[in-house]
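These notes concern the structure reproduced below.
Number of protein chains: 2
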Amino acid sequence: MDLSKRQQQIIAIVKEAGPITGEQIAERLNLTRATLRPDLAILTMVGFLDARPRVGYFYTGKTGSEIITEKLMKYKVDTFQSMPIVVKEDDSAYDAISAMFLSDVGTLFAVDQDSNLVGVVSRKDLLRASIGNQVLQEIPVHIIMTRMPNVAVCYPDELLVEAANRLIEKQIDSLPVIERSSEAGAKVVGRITKTTITKAFVELARNELM
Amino acid sequence: MDLSKRQQQIIAIVKEAGPITGEQIAERLNLTRATLRPDLAILTMVGFLDARPRVGYFYTGKTGSEIITEKLMKYKVDTFQSMPIVVKEDDSAYDAISAMFLSDVGTLFAVDQDSNLVGVVSRKDLLRASIGNQVLQEIPVHIIMTRMPNVAVCYPDELLVEAANRLIEKQIDSLPVIERSSEAGAKVVGRITKTTITKAFVELARNELM
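Heads up: the sequence lines are chains A and B, in that order.
Mapped onto the working numbering, the consecutive letters of the first sequence carry residue numbers 437 to 646.
Mapped onto the working numbering, the consecutive letters of the second sequence carry residue numbers 437 to 646.
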């Protein structure tokens with residue numbers, strides 16, 4: 437968003453002297469209040485300034501692009517998550533590879549007898565196992581998986597952006613979405629992957645999200 | 437962005453009757469031109485309306501979120517691409533897996549003697565090969581790779597959003613970035629992956645991109 441020179445002057449004045457009334461801003465610029473009205477209206481509407489009755493205008497500290505940030509801050513994990521694909525921790529690496537191809541996912545969530553999350557197994561883990569000397573049919577998933585509590589997870593009510601950030605920081609492709617209320621163990625209710633984020637990015641550009 | 441009732445009325449009038457002058461809009465709303473000025477200024481600045489001298493206001497068809505789209509339309513592939521990781525097409529699947537672990541990438545670009553792109557090999561291709569009955573050291577990459585021209589690629593001057601969309605549509609994790617000027621063969625100059633897009637998404641939210 438391109439601001440006019442006058443709008444930039446107004447922001448500078450409010451930044452320095454706010455809270456300040458419209459009259460006072462006009463005075464400083466040698467203009468009438470009426471002349472300034474459209475500029476003040478724009479700056480307030482877009483969010484650079486805020487106005488309080490009987491106090492005046494003050495600077496919000498927001499930049500134009502923070503409007504975008506504010507939109508992104510409304511997206512929660514649960515509106516974007518996909519179905520989780522699980523394997524039992526005692527299944528073999530070979531079974532895990534088959535499950536991966538069948539569901540066309542890059543990461544499987546390993547669960548115990550009670551369907552609680554115990555670990556995560558990725559294509560990378562399986563590829564590492566496959567170049568070892570053991571027979572894939574004889575290696576159980578729990579031997580090669582990343583085990584709880586070392587598994588990065590996310591929650592349904594978290595921001596999508598937080599989940600995206602975790603994927604980058606932990607250098608992983610997928611996060612299990614875990615019920616917050618799980619008392620006995622972690623119940624997996626979904627998955628957030630780099631595919632989820634890439635889709636959200638495309639939809640954002642296409643205006644499908646707002 | 438929340439529009440006031442009056443601003444919505446103005447948009448409706450311009451949509452129906454544009455191009456239309458400010459005077460005419462004011463007349464229809466039983467208001468003075470001066471009263472309308474701030475609203476018209478806002479609607480024009482944010483991009484809902486456009487104005488041409490001696491013609492009047494007309495409706496651009498843009499929505500508030502199209503401002504975001506416009507920002508995203510400035511991001512080009514070459515500002516976001518990472519280094520490409522390549523293997524020779526005659527290397528073994530075992531070598532490819534080693535290269536993948538060494539560089540920590542999910543996709544390798546296969547090149548011929550002249551360093552031209554001939555194919556792409558993914559973790560999935562290698563995993564599939566590893567559960568076959570052959571010895572990984574004896575399978576050359578060109579047997580298991582996706583071969584040109586079936587490889588989805590992108591170009592440095594394309595929009596990041598187009599590349600993101602291609603990743604989703606083709607259901608792949610990575611795109612080689614190809615020089616447009618390559619006459620003899622395709623020269624790989626970078627890679628765009630779902631990680632690239634996820635990083636861009638996070639930076640977008642953090643205001644680091646604009």
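Every residue gets a Cβ at the ideal spot worked out from N, C-alpha and C, and that includes glycine.
- For A/Gly458, the uninterrupted alpha helix (DSSP H) run begins and ends at 458-464, by DSSP.
- With a cutoff of 8 Å on beta-carbon distance, A/Pro592 and A/Asp475 are scored as not near each other.
- Per DSSP, the unbroken beta strand (DSSP E) holding B/Ile614 starts and ends at 610-614.
- The C-beta of A/Ala600 comes closer than 8 Å to at least one C-beta of chain B.
- Residue nearest to B/Glu598 within the set B/Pro455, B/Thr629, B/Leu572, B/Met581 is B/Thr629 (criterion: CA-CA distance).
- Beta-bridge analysis with DSSP links A/Asn552 to A/Lys623.
- Between B/Thr634 and A/Gly568, the alpha-carbon positions lie close to 32 Å from each other.
- Taken atom to atom, the span from the alpha-carbon of B/Ala588 to that of A/Leu640 is near 23 Å.
- Exposed is the label assigned to B/Pro489, since fewer than 16 other Cβ atoms lie within 10 Å of its Cβ.
- In this structure, B/Val491 sits away from B/Ile521, with a CB-CB distance that is not shorter than 8 Å.
- Taking a Cβ-Cβ threshold of 7 Å, the residues of chain A close to B/Arg473 are Pro474, in chain order.
- Straight-line spacing of the CA atoms in A/Ile478 and B/Leu465 works out to 21 Å.
- Residue pairing by DSSP places B/Lys512 opposite B/Leu595 in a beta bridge.
- The beta carbon of B/Lys512 sits closer than 8 Å to those of Pro592, Asp593, Glu594, Leu595, Leu596, all from its chain and outside the five residues before and after it, given in chain order.
- When B/Asp527, B/Asp548, B/Leu467, B/Gln607 are compared, the shortest CA-CA separation from B/Lys560 is found for B/Gln607.
- For B/Tyr530, the residues of chain A that pass the 7 Å Cβ criterion are Ile567, in the order they occur in the chain.
- Where B/Phe537 is concerned, the enclosing alpha helix (DSSP H) starts and stops at 529-539.
- Taking a Cβ-Cβ cut-off of 9 Å, the neighbours of A/Leu563 in chain B comprise Ile533, Met536, Phe537, Arg559, Leu562, Leu563, Ser566, given in sequence order.
- Residues of the stretch 607-636 of chain A with a C-beta less than 7 Å from any C-beta of chain B: Lys630, Thr631, Ile633, Thr634, Lys635, Ala636, listed in chain order.
- Close to A/Ala588, with beta-carbon spacing below 7 Å, lies no residue of chain B; the smallest spacing is near 14 Å.
- Nearest to A/Asp609 by alpha-carbon distance, out of A/Asn601, A/Arg442, A/Ile580, is A/Asn601.
- Listed along the chain, the chain B residues whose CB falls inside 9 Å of the CB of A/Ile580 amount to none; the nearest CB is some 13 Å away.
- Between A/Ile604 and chain B, the shortest Cβ-Cβ separation is below 8 Å.
- At least 8 Å separates the beta-carbon of B/Thr632 from that of B/Phe545.
- Think of a sphere of 8 Å around the beta carbon of B/Ile478: the chain A residues whose beta carbon falls inside it are Pro474, Ala477, Ile478, Met481, in chain order.
- In the DSSP assignment, B/Arg583 forms a beta bridge with B/Gly555.
- Within chain B, no C-beta atom comes less than 7 Å from the C-beta of A/Leu553; the nearest is roughly 22 Å away.
- Within the model, the alpha-carbon separation for A/Asp531 versus A/Leu485 is close to 59 Å.
- At a cut-off of 8 Å between beta carbons, A/Leu572 contacts chain B.
- Judged by DSSP in its simplified three-state form, A/Phe545 adopts strand.
- Distance from the CA atom of B/Val624 to the CA atom of B/Met509, rounded to whole angstroms, is 24 Å.
- When DSSP states are grouped into helix, strand and coil, B/Val638 belongs to the helix group.
- Taking 8 Å as the cut-off, the beta carbon of A/Gly454 is found closer than this to the beta carbon of A/Phe494.
- If you draw a straight line from the Cα of A/Leu572 to the Cα of A/Asp526, it comes to about 13 Å.
- Buried is the label assigned to B/Arg627, since at least 16 other Cβ atoms lie within 10 Å of its Cβ.
- In the three-state reduction of the DSSP assignment, B/Lys606 falls in the coil class, being assigned neither a helical nor a strand state.
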